[in-house]
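Heads up: the structure comes next, in structure tokens.
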Amino acid sequence: MICLLLVSILWAFSFGIIKDNLISIDSNFISFARLFISFIVFLPFIKIKNLGQKLIFQLLIIGSIQYGIMYVTYIFAFQFLKAYEVVLFTVFTPIYVVIINDIFKKKIHLKFYITAMLSLIGSGIVVWQEITSVNLVFGFLLMQISNFAFAFGQVFYKKVMINKPNIKDQHIFAILYFGGFVAAFVFSIFTTNYSIITLTNNEITSLLYLGIIASGVGFFLWNYGAKITNIGTLAVFNNLKIPLGVLVSVLFFSEIVNIWNLIIGGLLVSIALLINEYEITKIDNKPKD
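So the mapping is simple: the numbering used here equals the position in the sequence shown, first residue as 1, plus 98.
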């Protein structure tokens, strides 16, 4: 849970970079570039000996979906939505996390749906503003594809890696980033004119930050945290970055927000987390027969 909290705080500082600094660059190139940088960061740690072809293939699939498809659709959505609308439309991710987990488990976890809905409502309250974008439906659909891809990747990673204690996450994470940047590169072939790309110093700095910190370190810690956290808590944490992001904008960037919305929404997300942790503690403390 600590890893998920650290990443949520990290991502809270990342809102606005794409919209403010990278909006003029082809979205598929941004996806490819930041994932390629993440791959380079983790490449020195890779150890594929004795992994097996099946596991390598599964990790490639996870990376291509959770990072490749997620980023392509997420960054593309900025072409049709305002930044706050993109943030607003990410609030559905916890529901997808619970649904995908239930499909894998072949069992319905009602309490997880309740806490996921609580976090959805809370996060929605925090960032709610009047929606005005003309291409709203297409932007919304892009964001739901992105949300589902990210949810699928973290749940499937947990399923694949939970019973492999001898495999260190840092030794295989370059494989995920490889799958991600290859998927993004395939999309960029059709949209990016590589012969005329020029980047300003500000754009290069933004890409390096996103590739090394927000994506590289952030996604590694996120999936590691997902592996050791119960699904209910994982689902809620997918929305914790939203109230944290708004709080950061108030404390560090002097932005004006609806404080009551932040307080009420943040409390609902916090309550959802506490309910999940209480349930897990109750199960752990239950006497064994």
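For glycine and all other residues, C-beta sits at the position ideal for the given N, C-alpha and C. Since the model is a prediction, treat every value here as computed from it, not as a measurement.
In this structure T303 is exposed. Its beta-carbon is surrounded by fewer than 16 other beta-carbon atoms within 10 angstroms. Of the residues S129, V184, K180 and F190, the one whose Cα lies closest to the Cα of G161 is S129. Distance from the CA atom of I294 to the CA atom of F288, rounded to whole angstroms, is 14 angstroms.
For V232, the closest C-alpha among the options F178, L208, I197 and K262 is that of F178. Taking C-beta atoms as the reference points, I270 and L158 fail to come closer than 8 angstroms. For H207, there is no enclosing alpha helix (DSSP H), as DSSP marks it with neither H nor E.
By the neighbour-count criterion, in which 16 or more other beta carbons inside 10 Å mark a residue as buried, G150 falls on the exposed side.
For S162, there is no enclosing alpha helix (DSSP H), since its DSSP letter is neither H nor E. Proximity of the region 362–378 to the region 251–263 falls short of the contact definition, fewer than three beta-carbon pairs being nearer than 8 angstroms.
Annotation for Q227: Y182 place their beta carbon closer than 6 angstroms to its own, counting only its chain and skipping 5 residues before and after. Around the beta carbon of S122, a 10 Å sphere encloses fewer than 16 other beta carbons of the protein chains shown; the residue is thus reported as exposed. Distance from the CA atom of L234 to the CA atom of I146, rounded to whole angstroms, is 44 angstroms.
When the five nearest sequence neighbours on each side are left out, the beta carbons in the same chain lying within less than 6 angstroms of the beta carbon of A214 are those of P192, I193, V196 and A333, in order along the chain. Cβ-Cβ distances below 7 angstroms link G316 to V105, L108 and W109 in the same chain, with the five nearest sequence neighbours on each side left out; the list follows chain order.
In the DSSP assignment, W320 falls within the unbroken alpha helix (DSSP H) covering G316 to K325. With contact defined as three or more Cβ pairs closer than 8 angstroms, the region 135–142 and the region 271–288 are in contact. By the criterion of a C-beta distance shorter than 6 angstroms, S244 is surrounded in its chain by M168, T171 and Y172, once the five residues flanking it on both sides are discounted. Residue environment analysis places T188 among the buried positions, since at least 16 neighbouring C-beta atoms fall within 10 angstroms of its C-beta.
In terms of Cα proximity to L102, the closest of L345, K205 and N336 is N336.
Each residue's CA atom was taken as its position, placing F318 and N359 some 31 angstroms apart. Within a 10 Å sphere around the beta-carbon of F350 sit fewer than 16 other beta-carbons, which makes this residue exposed.
With contacts defined as CB atoms closer than 8 angstroms, S286 and D124 qualify as a contacting pair. Ranked by Cα distance from F283, the first of I310, L345 and N126 is N126.
Counting along the chain, the unbroken alpha helix (DSSP H) around Q268 starts and ends at D267 to T289. When the Cα atoms are used, F279 and G309 turn out to be separated by approximately 11 angstroms. With fewer than 16 other Cβ atoms from the protein chains shown falling within 10 Å of its own Cβ, L141 counts as exposed. By the CB criterion at 8 angstroms, F246 and Q164 fall outside the cutoff.
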